[in-house]
Amino acid sequence: MKKEITLQTRREFLRRTVLGSALSWTVPAFLSNTFSALQAEAAASATQITTGKDSTILVVLQMAGGNDGINTVVPYANDFYHRARPRIGLKAADVLKLNDNVGLHGALKGFKDLYDGGQLSVIQGVGYPNPNRSHFRSTEIWQTASDSEQVEKHGWLGRYFDNACAGADPAVGVAIGNQLPEAFFAAKPKGVCFSNPQNYRFIANGNETEESYKKLNELETSGPGMSSDDSAPDMQNSGGSIAMLPAGMPMTGGRAIDFISRTALDAQHSSDEIRGIAARVQNQSVYPNSPLAGSLKLVARLIGGGLPTRVYYVSQGGYDTHTNQIPTQQRLLQDLGDSTKAFVDDMKAQGNMQRVVVMTFSEFGRRVAENANGGTDHGAAAPMFIVGDKVKAGLLGNYPSLAPQDLFQGDIKFNVDFRSVYASVLENWLHTKSAPILGRQFPILQVV
Amino acid sequence: MLKPISSDRWNYSAAAHLLNRAGFGGTPAEVKSLSERGVDGAVDYLLDYEKIPDPTPDPEWAKPDPERMQHLADVIRHGTPEEKRQLQQEYQKQQRQRITELRGWWLQRMATGPRPLQEKMALFWHGHFATSMDKVRDAYYMWRQNDIFRRLATGNWQLLLLEVGKDPAMLVWLDQAQSRREHPNENYAREVMELFALGEGHYTEHDITEAARALTGWSLDRQAQSYIYRPFAHDTGEKTIFGKTGNFDGDDFIGMIVAHPQSAKFITAKIWNYFAGSEPSPELNEALAAELRANGNNFKPFLRTMFRSEEFYSPDIVRNQVKSPVQWLVGSVRVLETELPPPLVSWGMLRQLGQDLFAPPNVKGWDGGVTWITTNTLLTRYNDAQALVQGSLPPLSAGDFGGKGAGNGQKAMRALQRLRVGGVSVEKILTPEERDDNHAIIASLQNRLFQTNLKQDQQEALQEFLDSKAKMSDADILTAIRLMMSTPEYQVT
Numbered sequence: 001m002k003k004e005i006t007l008q009t010r011r012e013f014l015r016r017t018v019l020g021s022a023l024s025w026t027v028p029a030f031l032s033n034t035f036s037a038l039q040a041e042a043a044a045s046a047t048q049i050t051t052g053k054d055s056t057i058l059v060v061l062q063m064a065g066g067n068d069g070i071n072t073v074v075p076y077a078n079d080f081y082h083r084a085r086p087r088i089g090l091k092a093a094d095v096l097k098l099n100d101n102v103g104l105h106g107a108l109k110g111f112k113d114l115y116d117g118g119q120l121s122v123i124q125g126v127g128y129p130n131p132n133r134s135h136f137r138s139t140e141i142w143q144t145a146s147d148s149e150q151v152e153k154h155g156w157l158g159r160y161f162d163n164a165c166a167g168a169d170p171a172v173g174v175a176i177g178n179q180l181p182e183a184f185f186a187a188k189p190k191g192v193c194f195s196n197p198q199n200y201r202f203i204a205n206g207n208e209t210e211e212s213y214k215k216l217n218e219l220e221t222s223g224p225g226m227s228s229d230d231s232a233p234d235m236q237n238s239g240g241s242i243a244m245l246p247a248g249m250p251m252t253g254g255r256a257i258d259f260i261s262r263t264a265l266d267a268q269h270s271s272d273e274i275r276g277i278a279a280r281v282q283n284q285s286v287y288p289n290s291p292l293a294g295s296l297k298l299v300a301r302l303i304g305g306g307l308p309t310r311v312y313y314v315s316q317g318g319y320d321t322h323t324n325q326i327p328t329q330q331r332l333l334q335d336l337g338d339s340t341k342a343f344v345d346d347m348k349a350q351g352n353m354q355r356v357v358v359m360t361f362s363e364f365g366r367r368v369a370e371n372a373n374g375g376t377d378h379g380a381a382a383p384m385f386i387v388g389d390k391v392k393a394g395l396l397g398n399y400p401s402l403a404p405q406d407l408f409q410g411d412i413k414f415n416v417d418f419r420s421v422y423a424s425v426l427e428n429w430l431h432t433k434s435a436p437i438l439g440r441q442f443p444i445l446q447v448v
Numbered sequence: 001m002l003k004p005i006s007s008d009r010w011n012y013s014a015a016a017h018l019l020n021r022a023g024f025g026g027t028p029a030e031v032k033s034l035s036e037r038g039v040d041g042a043v044d045y046l047l048d049y050e051k052i053p054d055p056t057p058d059p060e061w062a063k064p065d066p067e068r069m070q071h072l073a074d075v076i077r078h079g080t081p082e083e084k085r086q087l088q089q090e091y092q093k094q095q096r097q098r099i100t101e102l103r104g105w106w107l108q109r110m111a112t113g114p115r116p117l118q119e120k121m122a123l124f125w126h127g128h129f130a131t132s133m134d135k136v137r138d139a140y141y142m143w144r145q146n147d148i149f150r151r152l153a154t155g156n157w158q159l160l161l162l163e164v165g166k167d168p169a170m171l172v173w174l175d176q177a178q179s180r181r182e183h184p185n186e187n188y189a190r191e192v193m194e195l196f197a198l199g200e201g202h203y204t205e206h207d208i209t210e211a212a213r214a215l216t217g218w219s220l221d222r223q224a225q226s227y228i229y230r231p232f233a234h235d236t237g238e239k240t241i242f243g244k245t246g247n248f249d250g251d252d253f254i255g256m257i258v259a260h261p262q263s264a265k266f267i268t269a270k271i272w273n274y275f276a277g278s279e280p281s282p283e284l285n286e287a288l289a290a291e292l293r294a295n296g297n298n299f300k301p302f303l304r305t306m307f308r309s310e311e312f313y314s315p316d317i318v319r320n321q322v323k324s325p326v327q328w329l330v331g332s333v334r335v336l337e338t339e340l341p342p343p344l345v346s347w348g349m350l351r352q353l354g355q356d357l358f359a360p361p362n363v364k365g366w367d368g369g370v371t372w373i374t375t376n377t378l379l380t381r382y383n384d385a386q387a388l389v390q391g392s393l394p395p396l397s398a399g400d401f402g403g404k405g406a407g408n409g410q411k412a413m414r415a416l417q418r419l420r421v422g423g424v425s426v427e428k429i430l431t432p433e434e435r436d437d438n439h440a441i442i443a444s445l446q447n448r449l450f451q452t453n454l455k456q457d458q459q460e461a462l463q464e465f466l467d468s469k470a471k472m473s474d475a476d477i478l479t480a481i482r483l484m485m486s487t488p489e490y491q492v493t
């Protein structure tokens with residue numbers, strides 16, 4: 001069985017990767033040189049090469065700004081809660097009850113439906129030791145899965161790509177947005193990002209321009225690379241060409257240009273493929289009208305079109321509710337629940353739901369006590385949501401105590417390290433060892 | 001090591017390399033004029049920039065505003081929630097406008113200013129002491145820090161560490177402003193050793209704890225908007241740092257860092273990497289560090305030796321550096337003799353390309369090198385090239401303009417409709433004779449854009465493109481320029 005996977009992925013590898021598809025084009029010299037090296041690397045990789053249409057898929061959903069977890073998964077029957085939040089505390093009638101103590105924010109109808117359908121797992125009290133209350137730093141900690149005191153260069157998904165996806169298609173990770181999230185930063189950069197598939201392309205004013213662009217970016221290297229003495233046209237007043245620098249100088253400029261040339265090929269391939277899929281595949285459910293919904297719609301189409309992606313990354317912003325929190329959080333959570341539900345319906349209609357898991361995170365929760373402006377300030381632990389057909393549905397873990405004597409500087413204490421959640425998703429969903437990626441072995445939770 | 005390059009190897013191409021790296025590149029005429037100075041003259045010209053007057057005025061708000069700070073403090077203390085909210089909104093709006101203006105102001109200095117090396121060093125220090133407006137939240141503080149980077153661009157290492165450490169932006173950025181002897185904050189103590197001056201492995205956790213105690217007292221006077229030493233916050237006890245014990249203060253600690261043998265190695269490796277585009281070999285690093293120490297930790301004589309050295313012009317260095325987004329944008333503007341796009345557009349471009357000035361991703365700064373290049377940023381460079389060359393706007397979306405509310409993005413987009421990008425003038429960059437000959441067009445543009453030639457096949461593709469035009473218009477030539485910029489080769493320098 002294991003062997004079959006290897007063979008299958010080897011074929012996939014040849015068919016889908018830049019190296020494979022380059023075979024049907026003109027193979028640039030540097031590619032043929034690195035081909036065998038990369039192939040060996042892929043074969044030596046401890047886990048299966050992660051391309052293919054049938055693999056499991058993780059969608060990471062960032063709730064940026066620090067979502068107030070306490071008003072999201074609400075301890076509506078808790079006196080301490082109402083005492084700490086006289087103005088913004090949610091009453092029993094305002095929540096969607098999960099049990100006699102805890103309910104979802106009333107706007108999360110989409111999540112309640114998923115919960116009732118056994119597709120939503122709510123992990124309570126997730127955080128990390130020595131919580132940092134800076135957006136920037138805490139986001140970085142979540143993105144790199146580092147300890148609070150340690151600055152880590154690469155992202156946790158980047159390390160997953162490095163460890164488990166050598167030789168995979170560049171589109172093994174897709175982030176919807178203009179920037180690659182820090183979670184994708186890797187020793188060997190991989191993953192593509194774009195906000196609008198229509199702009200993720202070479203924008204040409206005419207077919208000839210487009211043709212010329214392709215030629216300029218696909219050509220086989222002729223000899224040593226850029227320029228050579230005899231082919232150099234006269235440069236007026238130039239005092240000599242660059243070839244008059246130290247003897248034997250390679251004109252390619254070495255590895256930097258090789259890397260960019262490869263990326264140029266990746267860009268050309270993936271932009272054609274992604275735009276093709278985006279134009280061909282239709283969404284099969286009704287989404288709200290929001291940036292998050294737009295991102296998830298795009299992810300659904302790319303999954304439907306068979307892009308060989310293992311990790312998608314989408315983001316929803318605006319959770320930094322220091323003032324007048326009620327209407328803002330209402331709008332954001334409504335959007336979150338409805339968009340996610342629509343995405344699940346879409347996946348179901350495609351027949352892909354059993355392959356997909358959505359995981360949310362936010363850089364921190366918020367202070368237990370409300371502030372003077374009808375909002376909440378930066379806090380620590382908060383719940384995470386995991387959505388999928390194969391998740392262990394229900395409320396997992398315990399709600400952290402809200403009793404004043406149990407708080408740390410006004411915040412609830414975490415009881416699940418977020419890296420345990422990452423480890424569980426890596427091992428039980430993406431089927432790879434988590435310790436090499438997360439730096440050490442975190443306890444595995446039965447969530448997926 | 002670090003022997004001067006012999007004069008027979010100094011030529012147009014070497015001068016172009018120097019101008020690309022020690023500055024942001026230039027026109028063929030500028031390269032020619034630099035090459036005619038000889039290597040020593042060229043390096044001196046770039047490095048002794050104080051001789052060239054720089055009349056650029058500072059932004060008019062670039063000064064402390066104690067009255068305003070007092071007003072802010074009053075409202076925060078006594079105002080109603082509504083007043084506070086209103087003031088906060090007003091303040092945020094003002095700061096957004098100022099930081100946009102500041103970004104444009106700095107880019108303009110790089111693109112048209114007379115002292116490219118000074119700006120290039122300022123950009124190095126900004127990436128090195130990577131400080132972000134996201135936390136500092138005061139454009140005046142960001143300007144002040146930028147001014148230190150410019151003033152001490154090629155100055156003394158110890159003086160620079162002291163001035164940067166005691167400057168408001170850094171005091172806020174790494175929380176030194178909040179450090180008290182009862183609760184020393186270790187953030188700055190840690191980063192100054194790990195990221196600014198020594199590197200991991202050259203200090204202990206205990207050194208951090210003790211250094212944080214030494215640094216207590218360095219603080220920020222928020223109303224005066226300047227550094228203040230608070231004797232009552234300072235821990236006067238004995239500390240042990242790097243194995244030495246004494247009643248050290250912050251200045252002592254910085255002095256001990258600079259005296260540490262690793263310090264010169266650390267900073268010269270980083271400077272070499274910035275200008276040469278790769279890590280120095282251990283032997284070269286030793287030589288570079290020795291050179292800095294021999295010059296009393298002053299960067300100017302060190303840079304003079306470095307820019308004249310054989311190593312700097314070696315084959316694995318020349319044309320082997322990925323252009324940073326700023327280098328790409330500013331260099332393109334300089335080499336094409338066009339104008340910098342308006343600040344909002346430049347900002348949008350640089351953000352999309354991954355180098356948002358005054359907002360580096362974290363305290364480590366930009367990773368640089370090949371990490372500038374992703375499929376997305378490469379296509380974005382290719383498309384932005386069209387905007388620069390043809391004067392049409394790049395495909396930006398409202399989200400590119402940040403701001404947490406969508407409203408800011410929408411507003412920026414509306415403002416954008418009224419903006420235009422310069423575009424390239426064909427008469428400026430091609431002579432009439434060149435203009436009439438497709439072969440000459442390609443030769444001339446290659447010389448301008450690459451100072452060398454593209455691959456033969458690429459030249460043929462361009463030739464084909466030009467030959468396909470029955471009657472060549474300026475627009476066709478601009479498209480050819482854009483195509484040349486839409487190559488992997490244009491992304492390196």
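Residue numbers (our numbering), protein chains in the order written: chain A, 1 to 448; chain B, 1 to 493.
C-beta: ideal position from N, C-alpha, C; glycine also.
How big is the Cα-Cα spacing for residue i and residue j?
{"i": "H378 (chain A)", "j": "V363 (chain B)", "result": "21 Å"}
{"i": "F361 (chain A)", "j": "R255 (chain A)", "result": "37 Å"}
{"i": "V358 (chain A)", "j": "V448 (chain A)", "result": "11 Å"}
{"i": "M249 (chain A)", "j": "V318 (chain B)", "result": "A caution first: M249 (chain A) carries a pLDDT of 29, below 50, which makes its placement in the model too unreliable to give a value."}
{"i": "H135 (chain A)", "j": "T380 (chain B)", "result": "28 Å"}
{"i": "S346 (chain B)", "j": "F24 (chain B)", "result": "16 Å"}
{"i": "A211 (chain B)", "j": "F385 (chain A)", "result": "42 Å"}
{"i": "T376 (chain A)", "j": "R133 (chain A)", "result": "13 Å"}
{"i": "R222 (chain B)", "j": "T154 (chain B)", "result": "30 Å"}
{"i": "R181 (chain B)", "j": "I228 (chain B)", "result": "15 Å"}
{"i": "Y422 (chain A)", "j": "V60 (chain A)", "result": "11 Å"}
{"i": "G127 (chain A)", "j": "E50 (chain B)", "result": "53 Å"}
{"i": "Y399 (chain A)", "j": "Y313 (chain A)", "result": "28 Å"}
Relative to the C-alpha of residue i, which residue among the options is closest?
{"i": "S104 (chain A)", "options": "A:I123, A:V74, A:A380", "result": "Position check: residue 104 (chain A) holds Leu in this sequence, whereas Ser was assumed. Here the closest residue by C-alpha is A:V74."}
{"i": "P343 (chain B)", "options": "B:R96, B:L19, B:Y12, B:S33", "result": "B:R96"}
{"i": "Y188 (chain B)", "options": "B:G201, B:L159, B:S219", "result": "B:S219"}
{"i": "Y382 (chain B)", "options": "A:A267, A:R159, A:F185", "result": "A:A267"}
{"i": "K270 (chain B)", "options": "B:P168, B:R137, B:L388, B:G368", "result": "B:G368"}
{"i": "D8 (chain B)", "options": "B:L2, B:D356, B:E36", "result": "B:E36"}
{"i": "N247 (chain B)", "options": "B:A214, B:R103, B:F232", "result": "B:A214"}
Can you tell me which of the three DSSP states residue i falls into?
{"i": "L58 (chain A)", "result": "strand"}
{"i": "N273 (chain B)", "result": "helix"}
{"i": "T56 (chain B)", "result": "coil"}
{"i": "H17 (chain B)", "result": "helix"}
{"i": "D65 (chain B)", "result": "coil"}
{"i": "P383 (chain A)", "result": "strand"}
Checklist line | Touching by the beta-carbon criterion (3+ pairs, under 8 Å), the region 55-69 of chain B and the region 139-147 of chain B | finding: yes
Quick check for students: name the residue ranges of the alpha helix (DSSP H) that lie wholly in the region 82-155 of chain B, counting only runs of 4 or more. 116-128, 133-136, 139-151
Can at least three beta-carbon pairs, one atom from the region 399-410 of chain A and one from the region 115-125 of chain B, be found at a separation below 8 Å? no
Three or more beta-carbon pairs under 8 Å between the region 94-102 of chain A and the region 314-334 of chain A, yes or no? no
In the region 119-198 of chain A, which residue ranges form an unbroken alpha helix (DSSP H) of at least 4 residues, counting only runs that do not cross its ends? 135-144, 156-164
- Message: Threshold first: 3 residues or longer. Then list the beta strand (DSSP E) segments lying entirely within the region 309-371 of chain A, N to C.
- Response: 311-316, 356-361
query: Is it a yes or a no for the region 130-140 of chain B touching the region 166-177 of chain B, going by three-plus beta-carbon pairs under 8 Å?
result: yes
Item to complete: Only counting runs of 4 or more residues, tell me where the alpha helix (DSSP H) segments fall wholly within the region 295-327 of chain B, in order along the chain.
Response: 299-308
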